[in-house]
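Worksheet for the structure shown next.
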Amino acid sequence: MDISVYRAPPSDGLLIAPLDEFTAVYHRASGITHLLTDPAPQILVAVQDGARSLDALLVHLGRDYDLTDGTREALAARLEELVEAGLVERA
Amino acid sequence: MRHAFSVRIGPVGFRIGSDWRAPIAHLETLYRDYPKPLDGVPDFTVRLFARRPWRRFLRPSVEIGGDYMLPEAAPLPLRQGLLAAEMAMNLQMALGARRYLLLHASAVERDGRALLMTGVSGAGKSTLATLLAAKGWRFMGDEFVLLDPATGLVHAFPRLISLKNEGIAAAQAAWPDTRMGPLLRATPKGDIRHMVPDARAIAAMDVPARPALLVFPRYGFDPETRSVQPGEAFVRMTQASTNYVALGEAGFRGLTGLIADVPAIAVDYPDGPRAIEQVEALWADL
Amino acid sequence: MGGPVTDARMLARALANPSSVVGLDAEGWTALLAMARAEQLIGTLAVRLDGLAMPNAVKAILADARAAAEHGRRAALWEAEMARRALAAVDCPVVLLKGTAFVAAGLSAGQGRSIGDLDILVPRTSLDAVEAALLAAGWEWVKPDPYDDVYYRRWMHELPPLIHRERDRMIDVHHTILPLTARITPDAGALIEGSVALENRLRTLSSNGMIVHAAAHLFGDGDLAGGVRNLWDIRCLVDEFGTEGLGADALHHGLHREVARSLRLVDALFGEGRTGGIDRLYIRRLTALDGWGRPTRPLTRFAFYVRSHWLRMPPAMLVRHLWTKFRKG
């Protein structure tokens, strides 16, 4: 069972500019600009105000979005990408 | 260095030193109506030098150097010394400019608003800017557009206009009496000739403008215009900027601001006059 | 353009004694800025001259230099953070070196400093684990040549260079501070043991360790390129921490001559010290720059270049290394 928690920089650590289906995100600590597509921006916002585990994140997103089968795997994959990009830290 | 020349173009001052007289003589002639660097202190130093002392005379070839240098840059023959000087100035800007977000684009202004044209080499940025200037627009620059991230305004950077191949004849037809540099044949980018911007462009170089239209021209296609989506425009502009990353947060704010405020249109065109029509129509629709 | 001989002593004077720039004319400022850029010291100069009266054009140029240094600082600290995350599971001390260490610890040597790649020092016994962790986290080898790799691993003081595939930034992983082929062999274990922890559990060398490292770096490379900046680093460290116990530490690492020479050169270049003998030659080499930012004094520079290879490798090894490279074409 994956007990990792995931955390993003606080809200003043990111500048977020929605463009179209892409969202430009400026990460202040690194100076790197990322271009994200859904659901990455939504994941970021969800883990900004406190760390969440993968399952807690699923519950949180499930409140505002319809989640289909395979979502858990897809979410884990997106989180992994965000971790590698440095936007999300795993603890 | 043996020979030297200083000049200010828009907000940027340059000092150019050379082991040979010839490139400096060209610069003195073509930039003679331009001001000098503010307070006599240039922002960037450029050096045109011979790698070995005997290379000043024997098959003279000009190495490009300055505050910022590229180690593998190939030298140019002395007869293309003016091109070396212009390339060297571009290099300093590309690697060292910090005060403004640099966009690889040409720009012209009308009524305080700017039209920006960006694209790869050969898309027609320089030629279109020249043709529009002949139709009464104020020429702001053909190589770099300087965007102030704090205000969103663009500042003019009217260097010698670098015309290539067929663009040379087109520009000469539009501006028959303008001073030109020497015709440089068979450079790495084909035939090149430098044209001095008109007196109005030089006189107004310190007057900024608000960007109103961003055009991505493509030369040699059937005429067509289509909207470019913000995401694509943003990516293309980061690629068209040499210092976006270096500017950090200011770069992000400046560029997202530009994309949010200014419509982006791709324009395919078969020839200069048709392109002018398309652009004027787009401008009228704003 | 005649006039008095201009060399990098002008830059040294401006750094050591900021108010000395007040009389500069346009040509003087232009030369000073060109030299500062050539020596990677324009950010430092901007910090040192902050607030002094100067022409507006100079003020704007130095403001740009500070902004550039700030950007570089942020990028360097981020690389350190990503290395920290990648190495969190490896149970060994990770010691930051050089510019990144200065800014991470908030030292005066870090103010306005230009920073290159990330350099870290880890115990030799942890190298394999560190290498594996970095490769798993997105770093990859820069050069895939097997001979260079064997040479590197056996003789150099660091892993072959790694670069991060997304961020395009290099990391140099050291296990000691001079190549194993060099004539001097510092005590890497002692350096690590004496290191100091930062809040985020990364470490820096002790202040004496940093001075010894800077001196080793300055003379170990031999050709003294970038020497003025290196000496300025040492001056800042000595100013901030003093030299208590430095002599003994330097002796322990076999670098007492280099450290002593560094301190004399700091005094000569940035203070009132007088130079004699070989020191004068070092100063000549270090200040060999003109008002256009070009290197001068070619014979002096060449002498130091030849010496630098002699320092790094014993003669027999040098021959074999060059022969093998030659055979491969």
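Protein chains in written order, with the numbering used here: chain A, 4 to 94; chain B, 45 to 330; chain C, -4 to 324. Beta carbons: idealized from backbone N, C-alpha and C, even for Gly.
Pull up the CB-CB distance for Leu257 of chain B and Leu159 of chain B, whole angstroms please, since I reckon it's below 8 Å. 5 Å between Cβ atoms; contact.
Give the single residue among C:Met77, C:Pro50, C:Leu36, C:Met30 whose Cα lies nearest to the Cα of Gly110 of chain B. Minimum Cα distance to Gly110 of chain B is reached at C:Met30.
Val89 of chain C, DSSP secondary structure in three states: coil
At a Cβ threshold of 8 Å, is Thr162 of chain B touching chain A? Taking CB atoms only, Thr162 of chain B has no neighbour in chain A less than 8 Å away.
Let me know if Asp114 of chain C comes out buried or exposed under the rule of 16 or more other beta-carbons within 10 Å of its beta-carbon. buried
Can you give the Cα-Cα distance for Glu74 of chain C and Pro88 of chain C, rounded to whole angstroms? Between the C-alpha atoms of Glu74 of chain C and Pro88 of chain C there is a straight-line separation of about 17 Å.
Tyr68 of chain A, buried or exposed, once every other Cβ within 10 Å from all chains shown has been counted against 16: So Tyr68 of chain A ends up on the exposed side.
What residue does the beta strand (DSSP E) around Asp312 of chain B start on, and which one ends it? 308 to 313
Can you tell me whether Arg205 of chain C is helix, strand or coil according to DSSP? Sequence check: residue 205 of chain C is Met here, not Arg. Looking at Met205 of chain C - three-state DSSP - the assignment turns out to be helix.
Ordered list of beta strand (DSSP E) runs contained in the region 209 to 274 of chain B, each at least 3 residues: 228 to 231, 234 to 239, 254 to 263, 268 to 271
Leaving out the 5 sequence neighbours to the left and right, which residues in its chain are closer than 6 Å to Cys231 of chain C when beta-carbon positions are compared? Ser103, Ala104
Hey, is Leu38 of chain A's beta-carbon within less than 8 Å of any beta-carbon in chain B? So yes, Leu38 of chain A belongs to the interface.
When the Cα atoms are used, what is the spatial distance from Tyr288 of chain B to Asp186 of chain B? 19 Å
Smallest Cα separation from Arg143 of chain B: which of C:Gly184, C:Leu57, C:Gly67? C:Leu57
Hey, Pro261 of chain B and Leu172 of chain B: beta-carbon distance below 8 Å or not? yes
Please list, in chain order, the chain B residues whose beta carbon lies closer than 7 Å to that of His364 of chain C. Outside the modelled stretch of chain C, which goes from -4 to 324, sits residue 364 of chain C, for which no answer is possible.
Please confirm whether Ser7 of chain A has its beta-carbon closer than 8 Å to some beta-carbon of chain C. Any Cβ of chain C closer than 8 Å to the Cβ of Ser7 of chain A would place that residue at the interface, and such an atom is absent.
Let's see if you can read the secondary structure: which residues bound the beta strand (DSSP E) around Glu76 of chain A? Looking at the DSSP string, Glu76 of chain A is not in any beta strand (DSSP E); the run it does join, the alpha helix (DSSP H), is 74 to 87.
Under 9 Å between beta-carbons, which chain B residues line up against Arg31 of chain A? List them in chain order, please. Gly292, Glu293
By the three-class DSSP mapping on this structure, what secondary structure does Val17 of chain C have? Val17 of chain C: helix per DSSP, three-state reduction.
Return the residue from the list A:Ala79, A:Ile35, A:Gly53, A:Val48 that minimises the CA-CA distance to Ala70 of chain C. A:Ile35
Is there a Cβ from chain C that is less than 8 Å from the Cβ of Pro81 of chain B? Taking Cβ atoms only, chain C reaches closer than 8 Å to Pro81 of chain B, which makes this a yes.
Segment limits, beta strand (DSSP E) that includes Ala149 of chain B: DSSP places Ala149 of chain B inside the beta strand (DSSP E), whose first and last residues are 145 to 154.
Below 9 Å between beta carbons is the criterion; list the residues of the region 94 to 128 of chain C that meet it against any residue of chain A, in chain order. none
Just to confirm, are Leu92 of chain B and Ala129 of chain B a CB contact at a threshold of 8 Å? yes
What residues from the region 4 to 22 of chain C come within 7 Å of chain B, judged by C-beta to C-beta, listed N to C? Ala21
Does any C-beta atom of chain A lie closer than 8 Å to the C-beta of Gly38 of chain C? no
How about Thr300 of chain B: is its C-beta nearer than 8 Å to some C-beta of chain A? yes
Which runs of the alpha helix (DSSP H) fall wholly inside the region 32 to 80 of chain C and span at least 4 residues, in chain order? 37 to 43
Is Ala192 of chain C helix, strand or coil by DSSP? Ala192 of chain C sits in a strand when the DSSP states are folded into three classes.
How many angstroms separate the CA atom of Asp274 of chain C from the CA atom of Met249 of chain B? Straight across, the Cα-Cα distance linking Asp274 of chain C with Met249 of chain B is about 52 Å.
In the DSSP assignment, what residue or residues form a beta bridge with Met165 of chain C? DSSP lists C:Ile158 as partners of Met165 of chain C.
Using a C-beta cutoff of 8 Å, does Ile56 of chain C count as contacting chain B? yes
For the beta strand (DSSP E) containing Val90 of chain B, list its first residue and its last residue. 88 to 93
For Ile205 of chain B: DSSP bridge partner residues: B:Met239
For His170 of chain C, the first and last residue of its enclosing alpha helix (DSSP H): Looking at the DSSP string, His170 of chain C is not in any alpha helix (DSSP H), and its letter there is neither H nor E.
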